[in-house]
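Take a look at the structure below.
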Amino acid sequence: MDEIFFHISRHFENLQIYLTSCLQQGRYLAISLSDELSVQIQQIWNQSWSNQLNNTFRNLITLIRNATRQCSTVLAQPNQMYSQLAELATVEMPVFYPGSAGFIVGAAFGLLLGLSWNQGVIPGQRMKAVVCMAYDGLDALSCIDDAIIPTVMKPQQILIQVKAASIDIIDIKISCGFGRFLRKNFYSDSKNELPITLGRDCSGVIVEIGPKVNKFEIGDNVWVAVPFWCSGTLAEYIIANENMVSKMPSHISFEEASSLPYSGCLAYNACVRAGIVENDNEKNKKRVLIYSGVSPVGCIACQLAKYYNWEVTVTCLAKADPVAKKLKADKVVAYENIQMENELLQDQFDVVLNTVGGVTHESCLKLCKPEGLVVSTVPEHMYNDNFKFPWSLFQTVAVKIKCLWKKVFGNVNEWDDFNISAETLDKLRILVEKGYLLPVVDEVYEPHDVIRALQHCDSVEAIGKTVIRFR
């Protein structure tokens, strides 16, 4: 063993001596080049540039040629190094094996270290995603493991690693074909109609940004909301435009953050349309009824109305009464109360927010003052999803014209009264950070349990948001 170490140490000593010699020659070469360059600069400085311009260029070319020759001479000398390496190769195999093992271990460690520094995603890699394979409802949903990770293709796009994403009733409607016509004609990034990724909002970490993204950096924690005609967020990685992304609140979890963006935009837009946001309600407090006040939208609308100093009444199951009171509702009326409608009719409301949909529209009208306003937070049924030729052709032209109009004069992310924007998400973030807006997370599921999660989301037992965890 001592003989082995002796051979290794002798070869490394010879190699060290040769490398030292090469470094000294390189230092002498650098000194020589710097001296010659200093002389040339001094000559230009001391004499008229007009007389020396040609000579300077010629001398510079000569200097470069000389430097090239000297470098070639230095690089030509490593014959000695090659002989040293050849001697190392002739060492007995017991010496060679430990050296090879050390080289392999070191190379592997360096490779792993380099990969850990790289925050980007290699194009073509696969990811987990929840997709709708056909418009057949929950039976057509699947959690796949071989979806292709998207890449940034446009200057204002952002690639986000999703940590958590919430599901919404709208996802069940999408799986049945809701918005298919608008998605096909409005969302140009979708080459194929199916499969489509579900999910309308998420929270995660930025891993790549386009060249024109100015508000975010790689590594930022963000939350996202996307319209129903876009590809969804129930995937390990998603692409989103900068105008749909905002930094998430700093003191809440990814699961809590994912529960707010989409429902928050719905609730905020409804409050704007109802005059809740703009109205100065300090002196003359007005009353608002939130039908299904512990639904995902209802939870947020209740808190927004209280923030703007409205008197809030909510309807919900009796078991959700503690949640409604935690959201600062002034009055809670349980569905189990057979006198619910009579109790609500005792004093009609200035505004009624309907978070359930068309089935309760007539009841909401009865509960609202004649001069009041009923605002629905549920997207209306899209009849053009069922249009056939030639009616679909006319509708396509109308949609294209409307899309062009919005791109020129309005918000391309807005359709009818529903608007998703980074500005709205920023406002929601401020309210969360100041303690005026609390996330309400009901259940958290894994991606492979998405069917069970959607069934729970669609049940009367659901309170707040249902979340899918990806991390």
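Using UniProt numbering, you'd call the opening residue of the sequence shown number 1 and step up by one each time.
Even glycine gets a Cβ: it sits at the ideal position worked out from N, Cα and C.
DSSP three-state call for residue i: helix, strand or coil?
i, result
"GLN455", "helix"
"GLY372", "strand"
"PHE254", "helix"
"ILE276", "coil"
"TYR237", "strand"
"VAL152", "coil"
"TYR135", "coil"
"THR424", "helix"
"VAL378", "coil"
"ASN214", "coil"
"ALA225", "strand"
"MET244", "helix"
"LEU289", "strand"
"residue 474", "The structure shown does not extend to residue 474, since the chain is modelled only from 1 through 471, so no value can be given for it."
"GLN119", "Residue placement at GLN119 is poorly supported in this model, since its pLDDT is 48, which falls under 50; the coordinates are not used for a value here."
"GLY357", "coil"
"ASN419", "strand"
So, is residue i buried or exposed, given that buried needs 16 or more other C-beta atoms within 10 angstroms?
i, result
"ARG287", "buried"
"ILE300", "buried"
"ASP146", "exposed"
"GLN157", "buried"
"ARG183", "buried"
"VAL374", "buried"
"VAL359", "exposed"
"ARG126", "exposed"
"ASN354", "buried"
"THR377", "buried"
"SER203", "buried"
"LYS465", "buried"
"PRO211", "exposed"
"GLY435", "exposed"
"THR62", "exposed"
"ASP139", "exposed"
"SER459", "exposed"
"ILE252", "buried"
Roughly how many angstroms lie between the CA atoms of residue i and residue j, to the nearest whole one?
i, j, result
"ALA318", "ASP442", "16 Å"
"ILE160", "GLN455", "27 Å"
"ILE468", "ALA134", "21 Å"
"LYS173", "LEU431", "30 Å"
"PHE470", "SER246", "20 Å"
"SER175", "ILE290", "27 Å"
"ASP201", "VAL224", "5 Å"
"GLU461", "GLU278", "34 Å"
"ASN384", "PHE178", "Summary for ASN384: the model assigns pLDDT 48, below 50, so the residue's position carries little reliability; its value from the coordinates is reported in the next sentence. Cα-Cα distance, rounded: 10 Å."
"LEU438", "PRO155", "34 Å"
"ILE239", "LYS366", "44 Å"
"PRO379", "ILE104", "60 Å"
"ASP449", "GLY137", "16 Å"
"ILE149", "LEU194", "16 Å"
"LEU266", "THR315", "19 Å"
"ALA320", "GLU336", "12 Å"
"GLY264", "VAL162", "19 Å"
"ILE276", "GLU217", "35 Å"
"CYS132", "GLN346", "46 Å"
"ILE463", "SER363", "22 Å"
"ILE338", "SER421", "41 Å"
"GLY293", "ILE167", "18 Å"
"MET340", "HIS361", "16 Å"
"ASN214", "ASN243", "11 Å"
"TYR308", "MET153", "41 Å"
"ALA334", "VAL323", "12 Å"
So the candidates are the options; which of them puts its Cα closest to the Cα of residue i?
i, options, result
"ALA164", "ILE64, GLU236, ALA329", "GLU236"
"THR197", "ALA129, VAL359, GLU255", "ALA129"
"LYS328", "ILE252, CYS302, LYS212, PHE254", "CYS302"
"LYS369", "GLY177, PHE349, ASP449", "PHE349"
"ILE206", "ARG180, ASN241, PHE181", "ASN241"
"MET248", "ALA270, ALA274, TYR445, ASP426", "ASP426"
"PHE254", "ILE451, ALA453, GLY293, VAL444", "VAL444"
"ALA270", "PHE181, ILE170, VAL351, ILE218", "VAL351"
"ASP220", "ALA305, ILE209, GLU343", "ILE209"
"ALA440", "PRO296, MET340, ILE338", "One point to set straight first is that residue 440 is Val, not Ala, in the sequence displayed. Among PRO296, MET340, ILE338, the Cα nearest to that of VAL440 belongs to PRO296."
"ASN419", "PRO261, GLY293, LYS325", "PRO261"
"GLU256", "SER421, LEU344, VAL222, TRP310", "VAL222"
Under 8 Å by Cβ, that's how I've got residue i and residue j pegged, so tell me the actual separation to the nearest angstrom.
i, j, result
"GLY199", "THR151", "19 Å between Cβ atoms; not a contact."
"ASP330", "VAL312", "5 Å"
"TYR268", "LEU141", "At roughly 29 Å, the Cβ-Cβ gap does not stay under 8 Å, so TYR268 and LEU141 are not in contact."
"CYS230", "PRO447", "Contact flag wrong, Cβ pair sits at about 19 Å."
"LYS325", "VAL332", "7 Å"
"SER259", "GLU433", "Contact doesn't hold; Cβ gap of about 16 Å is too wide."
"CYS457", "ILE169", "7 Å"
Could you check if residue i belongs to the surroundings of the ligand COA, using beta carbon to heavy atom distance under 8 Å?
i, result
"LEU437", "Although the ligand COA was asked about, the structure shown includes no ligands whatsoever."
Report yes or no: is there a C-beta of chain D within less than 9 Å of the C-beta of residue i?
i, result
"ALA147", "Looking for chain D here will not work: only one protein chain is present."
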